């Protein structure tokens with residue numbers, strides 16, 4: 025009878041609804057016994073966190089087996105996390121210590137610091 029929610033969307037039911045969801049919004053709603061307000065949060069599909077400016081840096085460490093590494097930005101800022109999926113998305117071979125790359129950053133949704141995206145090799 026009650027509403028549900030979760031996963032990627034919202035729920036409903038005869039007494040109202042719930043919302044929420046992993047990626048954003050969701051509806052909720054109606055039913056014959058009353059309304060329910062939808063809930064939401066996070067980034068919706070298609071909505072993106074703002075990208076940082078393109079910058080360059082040197083690979084400090086990368087472990088392909090563990091799937092991550094770090095880049096030291098040339099501007100002297102804090103090291104930036106690099107996930108293996110960003111390397112694969114860029115079509116690059118596994119990164120090697122000392123390689124120069126360019127990248128942009130995205131904030132980590134868990135608040136752990138920025139992560140590098142849009143990687144490119146710099147010669």
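Numbering (the working numbering), first residue to last: 25 to 147.
For glycine and all other residues, C-beta sits at the position ideal for the given N, C-alpha and C.
Small disclaimer: the values here were computed from a predicted structure and weren't measured.
A distance of 7 Å or more separates the beta carbons of residue 104 and residue 93.
For residue 108, the uninterrupted alpha helix (DSSP H) run begins and ends at 108-113, by DSSP. Judged by DSSP secondary structure, residue 140 falls within the beta strand (DSSP E) whose first and last residues are 139-145. Taking a contact as a CB-CB distance under 8 Å, the pair residue 146 and residue 80 counts as one, their CB atoms being some 6 Å apart. Of all alpha-carbon atoms in 124, 141 and 123, the one lying nearest the alpha-carbon of residue 130 is that of 141. For residue 128, DSSP records a beta bridge to 141. For residue 144, same chain residues with a beta-carbon under 7 Å away, outside a window of 5 residues either side, are 114, 125 and 126 in chain order.
Note: residue 77 is not bridge-paired with any residue in the DSSP secondary-structure output.
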